[in-house]
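Below: the structure, in structure tokens.
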Amino acid sequence: MNIEEFSKLMCDSLAKNRLNATSKEQTESFFAFTEILMRVNQTTNLTAIRNVEDIIAKHYVDSMLAVDLISEGARVLDIGCGPGFPSIPLAITRPDLQIVALDSTEKKIAFVRDASNLLSLKNLTTISGRAEDSMIRKQIGSVDVVVSRAVARLNILCELGLPYLKVGGKLIAMKASKADEELAEAMNAIEVLGGKHKQTHSCILHSLNGAPESRNLIEIAKIKKTPPIYPRAYAAITKKPL
Ligand code: SAH
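Numbering-wise (the working numbering), the sequence shown opens with residue 9 and increments by one.
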């Protein structure tokens, strides 16, 4: 596929989801990223989504659903970024943000680091490690926004993510369907960890050829400090979720 064909698909996919078109430079970055992703994915398993139309809709456009929920100049942590979602699309479209992409799988972070260098993304740093690890927490410090897509159920994600937030910051959990169920299950965790459910943004993700899918972005505001005993070790977090 050449850049003209790619640009048209990207433009159509964004328009179908009522998102602003990307600039020429941003589209070129997405094109370059797609080439790297598809090439590396032939030998390293990064994503099960393999055709360009679906990569655009289910990775790029889906990641960009969070774009308007993040305030100007925020420091953002993407917990469990995998091959770079939502961190890479956010870094390309929001040069004002300072994004930290974190994943516990070294080969995925190595891919995000290489891609970020190739695209010369100045607003993205990569860290390999676990969110609940105290050394990693020291290294990252506090952030304004935590984003996370397809990593853990909300009660678990809150224990991983809320401790990183400054009071006044927010966690954005990017979910498919059944968000209400997860939210109900996470109410205790949210309260114990110093959070408050602010809003759930529900929308439909339209792809260019497949069926529409529902998406829910759950916003949890950080309203007070998290007690210092959290996060616990991962085994405790998952065995006895809050
Ligand atoms: N956010 C990406 C990847 C989702 S797969 C996307 O939407 O495409 C979940 C990822 O979370 C995996 O890459 C896994 O390595 C990472 N992960 C799971 N638990 C983690 C933890 N405690 N700390 C950091 N990364 C974690």
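Each residue gets a CB set at the ideal place from its N, CA and C atoms; glycine is no exception.
- Counting C-beta pairs with one atom in each stretch, the region 28-43 and the region 179-198 have fewer than three that are closer than 8 Å, which means they do not touch.
- Counting only residues of its own chain and dropping the five nearest sequence neighbours on each side, V75 has a CB closer than 7 Å to the CB of L98, T101 and R102.
- Per the C-alpha coordinates, the member of E167, M18, A243 and V159 positioned closest to I237 is E167.
- Residue environment for T51: exposed (fewer than 16 other C-beta atoms within 10 angstroms of its C-beta).
- The beta carbon of F93 sits closer than 7 Å to the beta carbons of H67, S71 and R157 from its chain, once the five residues preceding and following it are set aside; these are given in chain order.
- Taking a contact to require three or more Cβ pairs closer than 8 Å, the region 139-152 and the region 211-228 do not qualify as touching.
- The DSSP-derived three-state label of I212 is strand.
- V48: member of the alpha helix (DSSP H) spanning K32 to N49, first to last residue.
- Residue environment for A244: exposed (fewer than 16 other C-beta atoms within 10 angstroms of its C-beta).
- In this chain, the alpha helix (DSSP H) harbouring R145 covers S142 to I148.
- A contact between stretches requires three or more CB pairs, one per stretch, nearer than 8 Å, and the region 108-121 fails this requirement with the region 55-65.
- Scanning its chain for C-beta atoms nearer than 8 Å, with the 5 sequence neighbours on each side dropped, one finds around K174 the residues S150, V151, D152 and K230, in chain order.
- Judged by beta-carbon spacing, P239 lies beyond the 7 Å limit of I164, meaning their Cβ atoms are not closer than that value.
- For A244, there is no enclosing beta strand (DSSP E); the enclosing alpha helix (DSSP H) covers residues Y242 to K247.
- For the pair L132 and P220, the Cα-to-Cα distance works out to about 31 Å.
- The C-beta of S31 has fewer than 16 other C-beta atoms within 10 Å across all chains shown, which makes the residue exposed.
- Under the three-state reduction of DSSP, V69 is assigned to helix.
- According to the DSSP secondary-structure assignment, N224 is paired through a beta bridge with K183 and S210.
- The beta carbon of G88 sits closer than 6 Å to at least one heavy atom of the ligand SAH.
- Here K116 is near G90, since their CB atoms are less than 7 Å apart.
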